[in-house]
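Trainee: Structure in structure tokens, see below.
Protein chains: 2
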Amino acid sequence: MTTEEAARVRAGQPAEREVPDGQEYDVFARLCPSRDVFAELADKWSMLILMSLLGCGPQRFSELQRGVGGVSRKMLTQSLRNLERSGLVLRTVFPETPPRVVYDLLPLGRELAELLAPVGRWTERHAGRMVAAREEFDAAHAEG
Amino acid sequence: MTTEEAARVRAGQPAEREVPDGQEYDVFARLCPSRDVFAELADKWSMLILMSLLGCGPQRFSELQRGVGGVSRKMLTQSLRNLERSGLVLRTVFPETPPRVVYDLLPLGRELAELLAPVGRWTERHAGRMVAAREEFDAAHAEG
DNA sequence: CTGTATCCGAAATGATACTG
DNA sequence: CAGTATCATTTCGGATACAG
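Chains as they are written, first to last, in numbering that gives the first Met the number 0: chain A, 0 to 143; chain B, 0 to 143.
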């Protein structure tokens, strides 16, 4: 496959992704519904929220805000609403005073979070190298 | 861990993430360098580009533009520059006329792409359910 | 073909004040 | 506590024209 595709690339032919028969969704297709979903999930705050819920368990609104450093109430609310709307996160309101609202992963969200967590850990492990690469790149492109 | 953390949450204590000793980077920390890196990668176009390069092999600029549906030249250029700058993607210019520029994954980028690919496939598999969940949510919140 | 430069409207985001 | 509403600002991103 890789070799075959590479050959196709070399030949100047379009690099078509083979879509398994019967698979209706393709994140690479601009008009595919899965693209909308993907665009929502491929977001800094959404990903951090899902990862935080996976790593720390159910959390209140304010706990999430402390856990996800730098997120504003507005963005936290917005992102949580999207995740709730798409069926990834459960929002539970305890009718106390003051009110307590707890967010938790639904099975669907947990599945996704378990795929995202490695991405976060990978980023932490290799951030040093990437920052260094940036500095090299910037230095090399400073004079020219 | 999950249980322990959950207990802490219930007790109203801060849901602190345990950071392994010696790990200097934390994507949840607003000021951590890894957060900048993560924010760059947790992006629709960056993720799709990496996934396309992994799935289809080395590709020219125009091939990538066709492969990643809906991306404009501007965003494609910008995202590729970022990925190149961070050491994830290699840009090779063949001095022909017209010029040919081929992008490929560097080892670092390939590692990441291999973590992202499952996220893309997961999204495609579950997009239907998420779209349905959205419709339910919207319907339930329409009347008020 | 592979970009760069510029403009401009749209969308994202932060800050702030207010509410149940 | 957990939001909502509003405004100001920034950033995103598409369109277009141009260039090597």
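Glycine included, C-beta positions come from ideal geometry on N, C-alpha and C.
(1) Flag Ser51 (chain B) as yes if its beta-carbon sits less than 8 angstroms from any beta-carbon of chain A, otherwise no.
(2) Spell out whether any CB of chain A is found under 8 angstroms from the CB atom of Pro98 (chain B).
(3) Using a Cβ cut-off of 8 angstroms, pull out every chain B residue sitting near Pro210 (chain A), in sequence order please.
(4) On the DSSP bridge list, what partners appear for Tyr24 (chain B)?
(5) Taking the runs of the alpha helix (DSSP H) that are 4 residues or longer, which of them lie wholly in the stretch 39-78 of chain B?
(6) In chain A, what lies closer than 8 angstroms to Glu110 (chain B) by C-beta?
(7) Pairing CB atoms from the stretch 100-118 of chain B with CB atoms from the stretch 50-66 of chain A, are three or more of them under 8 angstroms?
(8) Report yes if the C-beta distance between Lys73 (chain B) and Ala38 (chain A) is below 8 angstroms; otherwise report no.
(9) In the DSSP output, what is Asp103 (chain A) paired with across the bridge?
(10) In chain order, what residues of the same chain have a beta carbon less than 7 angstroms from the beta carbon of Leu63 (chain B), not counting five sequence neighbours either side?
(11) Going by other Cβ atoms of all chains shown within 10 Å of its Cβ, with 16 needed for buried, is Ala141 (chain A) buried or exposed?
(12) Within 10 Å of its beta-carbon, does Glu135 (chain A) have 16 or more other beta-carbons around it, so buried, or fewer, so exposed?
(13) Kindly examine the ligand FAD and report whether one of its heavy atoms sits closer than 7 angstroms to the Cβ of Leu30 (chain A).
(14) Name the chain A residues whose beta carbon is nearer than 7 angstroms to that of Leu85 (chain B)?
(15) Name, please, each residue of chain B whose Cβ falls closer than 8 angstroms to the Cβ of Ala38 (chain A).
(16) When you compare each of A:Arg99, A:Thr96, A:Phe27 to Gly66 (chain B) by their alpha carbons, which one comes out closest?
(17) Applying the 10 Å Cβ sphere with the 16-neighbour rule, what's the burial state of Ser61 (chain B)?
(18) For a test of the three-state rule: what should DSSP assign to Pro13 (chain A), helix, strand or coil?
(19) Measuring alpha carbon to alpha carbon, tell me which of B:Ser85, B:Ser71, B:Thr96, B:Ala132 ends up nearest Gly108 (chain B).
(20) So what's Ala141 (chain B) in DSSP terms, helix, strand or just coil?
(21) Quick one: what does DSSP say Pro32 (chain A) is sitting in, helix, strand or coil?
(22) For the stretch 47-73 of chain A, list every residue whose C-beta sits within 7 angstroms of some C-beta in chain B, in sequence order.
(23) Quick check on DSSP: helix, strand or coil for Met0 (chain B)?
(24) Roughly how many whole angstroms lie between the Cα atoms of Asp35 (chain B) and Glu83 (chain B)?
(25) Use the C-beta contact count for Ser71 (chain B): other C-beta atoms within 10 angstroms, 16 or more gives buried, fewer gives exposed.
Mentor: Short version:
(1) yes
(2) no
(3) This structure does not reach residue 210 (chain A), given that chain A is present from 0 up to 143, and the question cannot be answered.
(4) Per DSSP, none; premise fails for Tyr24 (chain B).
(5) 43-55, 60-66
(6) Trp121, His125
(7) no
(8) no
(9) A:Leu89
(10) Ile48, Ser51, Leu75, Tyr102
(11) exposed
(12) exposed
(13) Here there are no bound small molecules, and the ligand FAD is not part of this structure.
(14) Note on residue identity: the sequence assigns Ser, not Leu, to residue 85 (chain B). Going along chain A in sequence order, the residues near Ser85 (chain B) (Cβ under 7 angstroms) are Met129, Ala132, Arg133.
(15) Lys43
(16) A:Phe27
(17) exposed
(18) The predicted position of Pro13 (chain A) is uncertain, since its pLDDT is 43 and thus under 50; no value can be drawn from it.
(19) B:Ser85
(20) coil
(21) helix
(22) Leu47, Ser51, Gly54, Cys55, Gly56, Pro57, Gln58, Glu62, Arg65, Gly66, Val67, Gly68, Gly69
(23) Any answer about Met0 (chain B) is weak, because its pLDDT of 42 lies below 50 and its placement is not dependable; what the coordinates show is given next. The answer is coil: DSSP assigns Met0 (chain B) none of H, G, I, E or B.
(24) 15 angstroms
(25) exposed
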